[in-house]
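Chemist: Residue numbers (this note's numbering), protein chains in the order written: chain A, 1 to 264; chain B, 1001 to 1333. Cβ atoms here follow ideal geometry from the backbone N, Cα and C, with glycine treated the same way. Computed from a predicted model, the values in this text were never measured in an experiment. First, the structure itself, so that you have it in front of you.
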Amino acid sequence: MNIIVCVKQVLDPEIPPAKFKIDPETKQVIPPPGVPPVISVYDERAVEAACRLKDKLKGKITVISVGSDKAADVIKHAISMGADEGFVLCDPAFENLDSFGTAYVLSKAIQKIGAYDLVLCGRQAADWGAGQVGSILAEILAIPVITLACDIEGVDTNVRVKRIVSDGYEIVEAPLPSLVTVSSEIGLPRLPAGVRLMMARKKVIPVWKAQDIGAEASQLDKGNAHTEITGLSVPTRKIECEIITGATPGEAAANLASKLANLI
Amino acid sequence: MDNYKGVLVFGEIGDGKLTPITIELLGVGRKLADDLGEELSILLVGSKAGALAQEAIACGADNVYIAEDSLLDAYNSDAYTQTAANLCKKVLPSIMLFGHTDLGCDLSPRLNGRLGGGLSMECMTLSIDSATKALIATRPVFGGNAHATMMSKSARPQMATVRAKVFAPAERADGRQGKVIPVEDKLDASALKVKVVEKIKEQVEGVKLEDAEVVVSGGRGMGSAQEFTKLRELANVLGGAVGATRVACDEGWAAATLQVGQSGKVVSPKLYIAIGLSGAMAHIAGCLGSKYIVAINKDKEANIFNVAHFGIVGDWKEILPPLTAKFKELLSK
Ligand SMILES: Cc1cc2nc3c(=O)[nH]c(=O)nc-3n(C[C@H](O)[C@H](O)[C@H](O)COP(=O)(O)OP(=O)(O)OC[C@H]3O[C@@H](n4cnc5c(N)ncnc54)[C@H](O)[C@@H]3O)c2cc1C
Ligand SMILES: Nc1ncnc2c1ncn2[C@@H]1O[C@H](COP(=O)(O)O)[C@@H](O)[C@H]1O
């Protein structure tokens, strides 16, 4: 069982909104000082899903990330959770790619890695959240895709996935190799600990550049981007919150109820 | 790129009718088509699709493409992608619109991958750039902390998904004229790899979250599954539904289908009561359309107070029981 997981390194999405700052000129987010980037939430759960399959079926997990040289940290995080190896895809030509460009680079890396049974992605990156790299990647690799997995129930010649829909679940099957995008409902990721953590920290993560994976310049040309971000702004909300008080919490609660009962 | 013309809506059918989001897509699609001076089309699939063609025309479609095939009666990602891709290669739409629904979220990225278009998901506004005639879309990014404007210079079709209730429904006019065009291509069944084996409906107690006039939501601050059930009491008194943050769902205190937020349900009740949740943008994105937001949180700096109309700073354990009791008293009168 060979599983490839695509993970992205992102600005910590849990920073309080007050600390969230952008540069409208460059259309980039300014990371608050001292807050390290993290593995994108759904991608961490994709790693968890891969680890659960490996616990059951044995096999190998390879993790790849298109990003800066710092992306080695998210690969190491995945290795500390149970992945076997990983590669960072870093090249000036890979900066600020759109979804097609990213999927193209991932596809070239996957072709270089070779045989695989499953590719796992997150449902959506926690930063720009385009929600499409997994599906585009599957189209490039010409393999089936199942989105929004909340459980990967079994793998033999088919992968059997429980996927989340708005009023419940669906069980969907596809032949291997397939790509599955993972949603948070799969459950909490394991906490890396002990020897694995130490070992992962020491690991040297290879970096692949465009030429290492045979990525063609024409496919990475920003002039041919499928989508372009032409503006970025922070929405402003001006709501004056009326704080309801009382001599005791109970009285405040009663005052609130009286106020609301008149409004609904 | 210049031979791509018009707007194509991917229509959804539910209970034998065009779904509300489909009628909203026809509404905004009509406007975009008029701004371009081009036609509005819709694709309807499944063995009952033909029966809805006139309805789609009344709602503004100039052309209705009908793919009547029983293989398309229920959503199958392979079958739908193939049908939509074949049609797009023929009619070359400049713009293609989807609901940000189970179907749209699965189909549009895949179709985009196949056609090489430019897709923006969860769009809040859509307009036509007067200079270039390109689609301008805005969408939330960074969990709703920022809004990005997206354009596709040359990739076609330009695709977008939009959530329910973002745009007004199309105005209906029964006398409208339009063409009904059957889709001749038969599905290549050998290319259908993905199979839906089973569907399981999650039963929820009481009112449906999306339809509720009152939603009582809880987060990590509720502390345990048992404490979380106390929200149900208040919801019942108010005839409302219970919602949850992702953390509460992750902890297993609430069913995944109750998650409110960017990656959960979007609700717009009259009253949204947020208890023991911090108000992360990704959560707020799911309830900003509420008429009144009420926050109960012990941290007065919590972001929820920046979007709430009313609030109490304090421990919910001391507030929720008397709040529920007082509502009971007031509403029994
Ligand atoms: C891409 C992405 C998508 C996401 N999608 C969603 C989504 O759809 N929905 C969603 O909800 N989240 C989503 N999140 C997660 C979101 O960013 C937050 O992590 C989450 O909403 C926080 O949940 P919370 O408010 O319950 O927990 P916390 O942020 O930990 O807040 C708990 C709050 O409870 C208060 N509290 C604690 N004890 C008490 C008490 N006794 N009385 C009163 N108050 C108390 C605390 O002061 C605190 O403010 C998403 C994140 C990402 C990155
Ligand atoms: N730079 C990247 N490196 C590795 N994987 C990525 C990258 N960008 C996106 N992905 C994968 O594609 C998924 C969807 O991303 P997106 O379409 O950008 O929301 C993510 O959850 C990742 O699994």
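Tell me whether residue 99 of chain A, by its Cβ, gets closer than 7 angstroms to a heavy atom of ligand 2.
Modeler: For ligand 2, at least one heavy atom lies less than 7 angstroms from the Cβ of residue 99 of chain A.
Chemist: Could you tell me which uninterrupted beta strand (DSSP E) segments, each at least 3 residues in length, are contained entirely in the stretch 168 to 198 of chain A, listed from first to last along the chain?
Modeler: 168 to 175 and 178 to 182
Chemist: For chain A, find out if any of its Cβ atoms is closer than 8 angstroms to the Cβ of residue 1093 of chain B; answer yes or no.
Modeler: no
Chemist: Taking 8 angstroms as the CB-CB cut-off, is residue 153 of chain A touching chain B?
Modeler: no
Chemist: Which value, in whole angstroms, describes the spacing of the CA atoms of residue 1137 of chain B and residue 230 of chain A?
Modeler: 10 angstroms
Chemist: Drop a sphere of 10 angstroms on the beta-carbon of residue 1084 of chain B, count the other beta-carbons inside from all chains shown, and report buried for 16 or more, exposed for fewer.
Modeler: By the neighbour-count criterion, in which a residue is buried when 16 or more other Cβ atoms sit within 10 angstroms of its Cβ, residue 1084 of chain B is buried.
Chemist: Are the stretch 1219 to 1227 of chain B and the stretch 1187 to 1198 of chain B touching, with three or more C-beta to C-beta distances below 8 angstroms?
Modeler: no
Chemist: Have a look at A:155, A:201, A:11 and A:170 and flag the residue whose alpha-carbon is nearest the alpha-carbon of residue 127 of chain A.
Modeler: A:11
Chemist: List, from N- to C-terminal side, the beta strand (DSSP E) runs of 3 residues or more that fit wholly inside the stretch 1191 to 1269 of chain B.
Modeler: 1195 to 1201, 1214 to 1218 and 1241 to 1244
Chemist: Could you check if residue 163 of chain A belongs to the surroundings of ligand 1, using beta carbon to heavy atom distance under 7 angstroms?
Modeler: no
Chemist: Report yes if the CB atom of residue 1274 of chain B is closer than 8 angstroms to the CB atom of residue 1294 of chain B, and no otherwise.
Modeler: Contact flag set, yes.
Chemist: Report the rounded CA-to-CA distance for residue 55 of chain A versus residue 1319 of chain B, giving the unit in angstroms.
Modeler: 45 angstroms
Chemist: With a threshold of 8 angstroms between beta carbons, is residue 1250 of chain B in contact with chain A?
Modeler: yes
Chemist: At a CB-CB cut-off below 8 angstroms, which residues of chain A make contact with residue 1202 of chain B?
Modeler: Neighbours of residue 1202 of chain B on chain A, chain order: 167, 168 and 169.
Chemist: Grab the span of the alpha helix (DSSP H) containing residue 77 of chain A for me, first residue to last.
Modeler: 72 to 81
Chemist: Report the three-state DSSP secondary structure of residue 92 of chain A (helix, strand or coil).
Modeler: helix
Chemist: Any chance the CB of residue 106 of chain A is under 7 angstroms from a heavy atom of ligand 2?
Modeler: yes
Chemist: Are there three or more Cβ pairs, one per stretch, closer than 8 angstroms when the stretch 123 to 143 of chain A is compared with the stretch 40 to 50 of chain A?
Modeler: Contact annotation: the stretch 123 to 143 of chain A touches the stretch 40 to 50 of chain A, with at least three C-beta pairs closer than 8 angstroms.
Chemist: Give the interface partners of residue 1319 of chain B over in chain A, defined as CB-CB distance under 9 angstroms, in chain order.
Modeler: 249, 250, 252, 253 and 256
Chemist: Identify every residue that forms a DSSP beta bridge with residue 1140 of chain B.
Modeler: B:1147
Chemist: For a cutoff of 8 angstroms on Cβ pairs, would you count residue 122 of chain A as touching chain B?
Modeler: no
Chemist: Just to make sure I have the definition right: I need the residues of chain B whose C-beta is within less than 8 angstroms of the C-beta of residue 230 of chain A. Which are they?
Modeler: Counting only Cβ-Cβ distances below 8 angstroms, residue 230 of chain A has contacts in chain B at 1136, 1149, 1150 and 1151, in chain order.
Chemist: What residue ranges within the stretch 1051 to 1110 of chain B form continuous beta strand (DSSP E) runs of no fewer than 3 residues, ordered along the chain?
Modeler: 1063 to 1067 and 1095 to 1099
Chemist: What does a CB cutoff of less than 8 angstroms around residue 1164 of chain B pick up in its chain, not counting 5 residues either side in sequence?
Modeler: Excluding sequence neighbours, residue 1164 of chain B sits near 1020, 1021, 1024, 1099, 1100, 1101 and 1266.
Chemist: Take residue 1238 of chain B as the anchor and find which of B:1064, B:1148, B:1248 and B:1213 has the nearest alpha-carbon.
Modeler: B:1213
Chemist: Would you say the beta carbon of residue 1311 of chain B is closer than 7 angstroms to some non-hydrogen atom of ligand 1?
Modeler: no
Chemist: My output table needs one value for residue 1281 of chain B: the three-state DSSP class, helix, strand or coil.
Modeler: helix
Chemist: Ordered along the chain, which non-local residues of its own chain (more than five positions away) have a Cβ less than 7 angstroms from that of residue 1180 of chain B?
Modeler: 1053, 1064 and 1066
Chemist: Locate the alpha helix (DSSP H) running through residue 42 of chain A, then write down its first and last residues.
Modeler: Run containing residue 42 of chain A: 41 to 57, per the alpha helix (DSSP H) assignment.
Chemist: Anyone know if the C-beta pair for residue 1169 of chain B and residue 1094 of chain B falls short of 8 angstroms?
Modeler: no
Chemist: If you check the beta carbons only, do residue 1217 of chain B and residue 1243 of chain B fall under 8 angstroms apart?
Modeler: yes
Chemist: Taking the alpha carbon of residue 1073 of chain B as the reference point, which residue from B:1092, B:1050 and B:1091 has its own alpha carbon closest?
Modeler: Looking at the Cα atoms, B:1050 is the closest of the given residues.
Chemist: Classify residue 216 of chain A as buried or exposed, calling it buried when 16 or more other Cβ atoms lie within 10 Å of its own Cβ.
Modeler: exposed
Chemist: Sort out for me which residues DSSP pairs residue 289 of chain A with in a bridge.
Modeler: Residue 289 of chain A is absent from the model: chain A starts at 1 and stops at 264.
Chemist: Look at residue 1129 of chain B and residue 188 of chain A and say whether their C-beta atoms are less than 8 angstroms apart.
Modeler: Residue 1129 of chain B places its beta carbon 8 angstroms or farther from that of residue 188 of chain A.
Chemist: Given a cut-off of 8 angstroms, decide if residue 1096 of chain B and residue 1088 of chain B are closer than it, judged by their beta-carbon atoms.
Modeler: yes
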